[in-house]
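Asks:
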Amino acid sequence: MERKRELKPKKVLWEMFLYAALALGAVTSLLPFLWMLSGSLKSNNELFAWPIQWIPANPRFQNFKDVLTQIPFVTYFLNTLKLSVINTSLQVITCSLAAYAFSKIEFPGRDKLFLVYLGTMMVPFHVTMIPQYMIMNQLKLTNTHLALILIQAFSPFGVFLLRQFFVSIPGELSEAARIDGCSEFMILFRIILPLAKGALATLITFTFTFVWNDYLGPMIYLHKDSIRTIQIGLRVFQTTNGVEYNLILAGTVMGLLPLLIVYFTCQKYFTQSVTATGLKG
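Its first residue numbered 660, the sequence shown is counted upward by one per residue in our numbering.
(1) What are the partner residues of Q897, as DSSP defines its beta bridges?
(2) Tell me where the alpha helix (DSSP H) around K771 begins and ends.
(3) From D884, F813 and G684, pick the residue whose C-alpha is nearest to that of F869; which is it?
(4) Give a yes or no on contact between the region 895-911 and the region 748-760, applying the rule of three or more CB pairs nearer than 8 Å.
(5) Taking the alpha helix (DSSP H) that D725 belongs to, which residues open and close that run?
(6) Which runs of the alpha helix (DSSP H) spanning at least 4 residues fall entirely within the region 668-720, listed in chain order?
(7) What alpha helix (DSSP H) runs, 4 residues minimum, are completely inside the region 813-839?
(8) Does the distance from the CB of W713 to the CB of L693 come in under 8 Å?
(9) Using the three-state DSSP reduction, which class does R849 fall into: helix, strand or coil?
(10) Just to confirm the assignment, what range does the alpha helix (DSSP H) spanning Y880 have?
(11) Under 8 Å, with one C-beta from each stretch per pair, do the region 845-863 and the region 826-837 reach the 3-pair mark?
(12) Does the distance from the C-beta atom of V826 to that of S762 stay below 8 Å?
(13) S748 lies in the alpha helix (DSSP H); which residues open and close that run?
(14) Measure the alpha-carbon distance for R719 versus P731 and round it to whole angstroms.
(15) Could you tell me if G940 is buried or exposed, where buried requires 16 or more neighbouring beta carbons within 10 angstroms of its beta carbon?
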């Protein structure tokens, strides 16, 4: 008992140190976001003033109006939303089908094929960038959203993520469903996917964020102003005469809204997925 009492103060001090470190890390992570919010309400001259004035004395809400009037921001926003929703939906479908096949259906060479497919994760985008562009150019798909949709509709990472989760679901459920006359599609959509909400929420969050923030893909394939995304559209404020950082930050703040909505919608299931993974380990 005395030994336990001696250790208790050390445990309390360790927990205090741990929480302090976590709080410091959280504040440090939030600083760029807070600076972005603050900068979106300042003039370009005030933006880099030192010391930093976190709360602007005279907030410039005009910055948001200037973004909406100087560029077709709504068009860029809708284009980005269209690509993000379509690609996220397609990845959920394609990754679910592939992950189910690799985890619940027995066929010759399944595991070897999975390893080969998984190996494509190690190939950098820059290696396949030129061949992909040449293929899309031959198909006359450059300057169309379809080019980006076809390229981003499949994800080895998504297949790996869902496959690892599907493996943890007892095979007896699938076998019982087959005995009851369910097809493989019915098993997937009625049994497996409802049990994999956490993994699906994780995939949706990662995919939507990646597509929404993608810069290189739209820069390569989308040259017409009417089909550009936010990331490319905001380059208008970067000219040879200077960079209007305050307007770029204002446009970025408005462009963050869908990401926040997706994150807070999926947060509950995402947290459950991480917790469940930790418990199984």
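Beta carbons: idealized from backbone N, C-alpha and C, even for Gly. On a predicted model such as this, the values are computed, not experimentally measured, just so you know.
Replies: Taking the definition as stated:
(1) V902
(2) R769 to G778
(3) F813
(4) At 8 Å Cβ cutoff, the stretches do not touch.
(5) Q721 to Q729
(6) Within the region 668-720, the runs of alpha helix (DSSP H) at least 4 residues long that lie entirely inside it are, in chain order, 703-706.
(7) 815-826 and 830-838
(8) yes
(9) helix
(10) L875 to Y880
(11) yes
(12) For V826 and S762, yes; Cβs fall inside 8 Å.
(13) F732 to K763
(14) 20 Å
(15) For G940, the predicted model reports a pLDDT of 41, less than 50, meaning its position is unreliable; a value from the coordinates is still stated below. With fewer than 16 Cβ atoms within 10 Å of its Cβ, G940 is classed as exposed.
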